[in-house]
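For reference, the structure is listed below as structure tokens.
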């Protein structure tokens, strides 16, 4: 049997410890190609590069995989990989391991998850992995047994087209992880508080800061699972239509 | 009665003809504040600026509205407006009129729609408007009667929290527009074809190009409505959980 071909990407950049751990794990399972940003691309969401150009180069890093560093966003990496770099269509696309949580509403800001979603748009099974510890030196061994398990299950049980997985690993010791919980995206948001400063020329400028406000204590919410020491797995779809509101909206639009 | 306060933004930049038309229309309805990018931000999706700083300045443009040009992405504009610029919470956020369609899967790449979605995350009613003509000199009078109507209806009939509208205007003459159709997001995607070039130093680089592939002829799809001369209105939600697949995924994860 041919080994599955696994495309690995991320948003923290190709040299981040999180992606190197994911590459190591994927090398155990399949033939791996890495196409990842040449610099950090956190918070890039589903951005694509339309007004400038892209380039990539192959690197020589440790391991049997091939590594390509790309100048664009995470979504650019997936597009460029599929159109120009890969010689064989991947059986699975994995993104991460992100340095920091991508649970709840972070799915829309996250370059890691947007890369996975883009792979889904391309009709490929895809999974984004994130660790709830944003430090560069975070311990990525915590979730490795579960990452192997989830990837093997995804390869054996094809997901329906149009669904990608958002996997978050709680920031607890390996032996304290209680298991996997399939969840919905929690209702939560960032409460912005821009830090106002004045530059040497007297002009004001702003740094985005804030805190994360979880308004959702539901047992089936991803944040609850993480708070309780579980790995959260949310099936994510990119048909953003609110089907429940469709009939009511039709009434509103039909009214005078 | 106090006039409604309307925040206007876009992704083509604060001086684009599309946003100036939207400002003109909104001035008829409410008290308007514009906070929009100081340069084109197409394809920025839900990107936010986390690794550098933001700034803004007030401009003096024609009309009773106040105009603020912001250095960031469309989503940054909404965040900065709500936290630092506006003195009164808006009753409605409108984004556009985009130069070019944002129907179907474009909702995830579009800065115009991401700004509307961000307003939705902030608990505000929000609508993104796009014209299916990407030219700078496009005729934005085509949909103006419908834009007024949709905005007035949204102000009178509060949408549920967590829903924003994606409105696309077909590229036909004003008198040929057949009406408004409430739709779902069509299943379609871009088929990438990167244009490979060689720079003066002998290195390859790439321009993103491609064509749009509509795989969905459903009567209720937004692309079908537009093809038939209707204005499409899709209710968009940012809870991306695939609730239909949740139970099956739980089974998969529970299996050995």
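Protein chains in written order, with this note's numbering: chain L, 159 to 414; chain B, 159 to 414. Think of the CB as a built atom: it goes at the ideal place given N, C-alpha and C, for glycine as much as any other residue. The structure presented is a predicted model; accordingly, all values stated were derived computationally and were not measured.
Asked	Found
Closer than 6 Å by C-beta to residue 249 of chain L: which residues in its own chain qualify, once you throw out the five before and the five after it? Chain order, please.	162 and 163
Buried or exposed: residue 353 of chain L, going by 16 or more other Cβ atoms within 10 Å of its Cβ?	exposed
Is it buried or exposed, residue 195 of chain L, if we count other Cβ atoms within 10 angstroms and call 16 or more buried?	buried
Going along chain B, which residues have a C-beta under 7 Å from residue 315 of chain L?	410
Could you name each continuous beta strand (DSSP E) segment of 3 residues or more that falls completely within the segment 174-250 of chain L, going from the start of the chain to the end?	189-195, 214-217 and 224-228
Going by other Cβ atoms of all chains shown within 10 Å of its Cβ, with 16 needed for buried, is residue 167 of chain L buried or exposed?	buried
Quick one: is residue 369 of chain B near chain L, going by C-beta distance under 9 Å?	no
Give the DSSP-derived three-state secondary structure of residue 361 of chain B in the structure shown.	coil
Going by DSSP, what residues sit across from residue 162 of chain L in a beta bridge?	None, per the DSSP bridge assignment.
Where are the beta strand (DSSP E) runs, 3 residues long or more, that stay fully inside the segment 320-392 of chain L, in chain order?	321-327, 337-340, 346-350, 353-356, 362-365 and 368-372
DSSP three-state label for residue 256 of chain B, please.	strand
In terms of residue numbering, what span does the alpha helix (DSSP H) encompassing residue 266 of chain L cover?	264-267
Below 9 Å on C-beta distance, what does residue 237 of chain L contact in chain B?	348, 350, 352, 366 and 368
Which residues in chain B have a C-beta closer than 7 Å to the C-beta of residue 226 of chain L? List them in chain order.	Here the premise fails: no neighbours, minimum Cβ distance about 12 Å.
Can you look up residue 299 of chain B in the DSSP assignment and give me helix, strand or coil?	coil
According to DSSP, simplified to helix, strand and coil, what is residue 172 of chain L?	coil
Label residue 280 of chain L either buried or exposed according to how many other C-beta atoms from any shown protein chain fall within 10 Å of its C-beta, with 16 as the threshold for buried.	buried
Can you give the Cα-Cα distance for residue 259 of chain L and residue 398 of chain L, rounded to whole angstroms?	22 Å
What is the DSSP secondary structure of residue 286 of chain B, reduced to helix, strand or coil?	strand
What separation, rounded to the nearest whole angstrom, lies between the Cα atoms of residue 241 of chain B and residue 193 of chain B?	12 Å
Below 8 Å on C-beta distance, what does residue 342 of chain B contact in chain L?	397, 399, 401 and 404
Pick from B:384, B:361 and B:362: whose alpha carbon is nearest that of residue 372 of chain B?	B:384
Could you run through the segment 198-211 of chain L and flag, in chain order, every residue whose CB is less than 8 Å away from some CB of chain B?	198, 200, 201, 202, 203, 204, 205, 206, 207, 208, 209 and 211
Would residue 190 of chain B and residue 221 of chain B qualify as a contact pair, given that the criterion is a beta-carbon distance under 9 Å?	yes
With a cut-off of 8 Å, do at least 3 Cβ pairs link the segment 332-352 of chain B to the segment 174-190 of chain B?	no
Rank B:350, B:326, B:186 and B:313 by C-alpha distance to the C-alpha of residue 270 of chain B and give the top, closest one.	B:326
Around the Cβ of residue 413 of chain L, are there at least 16 other Cβ atoms within 10 angstroms (buried) or fewer (exposed)?	exposed
Distance, Cα to Cα, residue 255 of chain L vs residue 174 of chain L?	9 Å
Beta carbon of residue 317 of chain B, beta carbon of residue 323 of chain B: below 9 Å?	yes
Are there three or more Cβ pairs, one per stretch, closer than 8 Å when the segment 227-245 of chain L is compared with the segment 201-211 of chain L?	yes
Using the Cα positions of residue 367 of chain L and residue 292 of chain L, report the straight-line distance between them to the nearest angstrom.	15 Å
Rounded to whole angstroms, what is the Cα-Cα separation between residue 224 of chain L and residue 247 of chain B?	51 Å
Using a Cβ cut-off of 8 Å, pull out every chain B residue sitting near residue 311 of chain L, in sequence order please.	410, 411 and 413
Check whether the Cβ of residue 216 of chain L lies closer than 9 Å to any Cβ atom in chain B.	no
Rounded C-beta distance between residue 252 of chain L and residue 287 of chain L? I'm assuming under 8 Å.	7 Å
Going by Cα to Cα distance, which pick from B:363, B:273 and B:321 is closest to residue 238 of chain L?	B:363
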